[in-house]
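Protein sequence lines correspond, in order, to chains A and B.
Using my numbering, you'd call the opening residue of the first sequence number 1 and step up by one each time.
Using my numbering, you'd call the opening residue of the second sequence number 1 and step up by one each time.
Beta carbons: idealized from backbone N, C-alpha and C, even for Gly.
Every value quoted in this text rests on a predicted model; they were computed, and no experiment measured them.
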Amino acid sequence: MKHFLLKIEPVIWLLFGQGLLIGTMLLTGWILIVGLAMPLGLVPVEALSFDRAHALGASLIGRLVLAALIVLPLWKGAHHMRHLSIDFRGADRDVVVAPILYAIALAGSIAGILAVIRL
Amino acid sequence: MAGPSHPDAMAPSRPGPTRTAPPQMPASWWSAPRIRTYLLFDATGLVYLLLGFVALEVVWALGAGPEAWDAMLASLRNPLVVAFHALGLASVIFVGVRFFSFFPKAQPPRIGPMKPPPAPVILGGLYVAWIGLTVLFAAILAGGIF
Numbered sequence: 001m002k003h004f005l006l007k008i009e010p011v012i013w014l015l016f017g018q019g020l021l022i023g024t025m026l027l028t029g030w031i032l033i034v035g036l037a038m039p040l041g042l043v044p045v046e047a048l049s050f051d052r053a054h055a056l057g058a059s060l061i062g063r064l065v066l067a068a069l070i071v072l073p074l075w076k077g078a079h080h081m082r083h084l085s086i087d088f089r090g091a092d093r094d095v096v097v098a099p100i101l102y103a104i105a106l107a108g109s110i111a112g113i114l115a116v117i118r119l
Numbered sequence: 001m002a003g004p005s006h007p008d009a010m011a012p013s014r015p016g017p018t019r020t021a022p023p024q025m026p027a028s029w030w031s032a033p034r035i036r037t038y039l040l041f042d043a044t045g046l047v048y049l050l051l052g053f054v055a056l057e058v059v060w061a062l063g064a065g066p067e068a069w070d071a072m073l074a075s076l077r078n079p080l081v082v083a084f085h086a087l088g089l090a091s092v093i094f095v096g097v098r099f100f101s102f103f104p105k106a107q108p109p110r111i112g113p114m115k116p117p118p119a120p121v122i123l124g125g126l127y128v129a130w131i132g133l134t135v136l137f138a139a140i141l142a143g144g145i146f
């Protein structure tokens, strides 16, 4: 498992890095509107009505943006939590913790891609 | 977190002639300011993981039809969810500011025949991209454009 984790490290790091870069850039606007402004009533109701939201999300660019918004933060999160676990004296349990975290991120990524396809 | 650290944490590559005590971590290792910021940066991983799954739920509901979408909008108005998103915004800004500050330091000495641009140019470009993308994405979501 240790060998396998080292082998997939470049792929994990690519997804982790893009989670930091693209994930952060996309999440900022997403949280501002969908997470805060809409619930607080600062956005017109029609802006996120089903018809408009679906038309935006189901376009090609919309699907790509939503897929990146779901998938990339998952890998940033899983990889950072793995390192937090290692920092708190978890070097020995890493062979168990890392596969669990990456499996969660992988499952979420597959579900995210399915969610975007079925729009 | 007092107690022995990982036994190999400070081990020399070859055992020397002098017997050494096993390394000890100070009880307050995590409270040193630089380490605290570093651990906080790692800890935002949990927030990102949850934000990813919330986004997944939202998009899944959008694909499930108008009723599921309206139920999703209602659950986003739950005060606990709003509080989580406030924490999420703080985390995202913290991560952006810290991560982008690494970029100038992480440049190679030269890129092909060229030298990398000076730090203020790299940082400026990143902030313009971040703020620009945020304004554009927020304007689209809020119904300002398209």
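Coil, strand or helix - A/MET81 by DSSP = Within the first sequence, residue 81 of chain A is the residue found at index 81, counting from 1. Judged by DSSP in its simplified three-state form, A/MET81 adopts helix.
message = Taking 8 Å as the threshold (C-beta atoms), are A/MET25 and B/ALA49 in contact?
response = Sequence index remark: in the second sequence, residue 49 of chain B carries index 49 (1-based). Sequence index remark: in the first sequence, residue 25 of chain A carries index 25 (1-based). Per the sequence shown, residue 49 of chain B should be read as Leu rather than Ala. No, they are not a contact pair.
key: Span of the alpha helix (DSSP H), counted from its first residue to its last, around B/ILE35   = As a position in the second sequence, residue 35 of chain B is number 35, starting the count at 1. 33-63 is the span of the alpha helix (DSSP H), which, as asked, contains B/ILE35.
message = Quick check on B/MET25: does DSSP put it in helix, strand or coil?
response = Looking up residue 25 of chain B in the second sequence gives position 25. Assignment of B/MET25 by DSSP, reduced to helix, strand and coil, places it in the strand class.
request  = Could you work out which residues of chain A lie near B/THR134, taking near to mean beta carbons separated by less than 8 Å?
outcome  = Stepping through the second sequence from its first residue, residue 134 of chain B is reached at position 134. MET25, THR28, GLY29, LEU32, listed in chain order.
ask   = Per the contact definition of three or more C-beta pairs closer than 8 Å, is the region 73-84 of chain B in contact with the region 82-102 of chain A?
value = With the cut-off at 8 Å, the region 82-102 of chain A and the region 73-84 of chain B do not touch.
request  = Say whether chain A places a C-beta atom closer than 8 Å to the C-beta of B/MET1.
outcome  = Here residue 1 of chain B refers to the residue found at position 1 when the second sequence is read from its first residue. Bear in mind that a pLDDT of 49 at B/MET1, under 50, signals an unreliable position, so the number given afterwards is only what the model happens to contain. It does: the Cβ of B/MET1 has a partner Cβ on chain A nearer than 8 Å.
ask   = Would a C-beta distance cut-off of 8 Å place B/LEU56 and A/GLY108 closer than the cut-off?
value = The sequence position of residue 56 of chain B within the second sequence is 56, counting from 1. The sequence position of residue 108 of chain A within the first sequence is 108, counting from 1. Against a cut-off of 8 Å, the Cβ pair of A/GLY108 and B/LEU56 comes out as a contact.
ask   = So what's B/MET1 in DSSP terms, helix, strand or just coil?
value = In the second sequence, the residue the question calls residue 1 of chain B occupies position 1. Its pLDDT being 49, under 50, B/MET1 is placed unreliably in this model, and the coordinates cannot settle the point.
key: Beta-ladder partner(s) of B/MET114, from DSSP   = As a first step, residue 114 of chain B is located in the second sequence; it is residue number 114 there, counting from the start. B/ILE111, per the DSSP bridge assignment.
message = Suppose you measure from the CA of B/MET1 to the CA of B/ALA27; what does that come to, to the nearest Å?
response = Walking along the second sequence from the start, residue 1 of chain B turns up at place 1. Walking along the second sequence from the start, residue 27 of chain B turns up at place 27. Here the model assigns B/MET1 a pLDDT of 49, short of 50, so the residue's position is not dependable, and the following value carries that caveat. Cα-Cα distance, rounded: 5 Å.
query = Are A/LEU72 and A/ILE33 touching if we call contact CB-CB under 8 Å?
reply = Looking up residue 72 of chain A in the first sequence gives position 72. Looking up residue 33 of chain A in the first sequence gives position 33. Going by beta carbons, A/LEU72 and A/ILE33 fall outside the 8 Å limit.
task = In angstroms with no decimal places, state the Cα-to-Cα distance between A/VAL11 and A/LYS76.
result = Numbered from 1 along the first sequence, position 11 holds the residue referred to as residue 11 of chain A. Numbered from 1 along the first sequence, position 76 holds the residue referred to as residue 76 of chain A. Approximately 12 Å between the Cα atoms of the pair.
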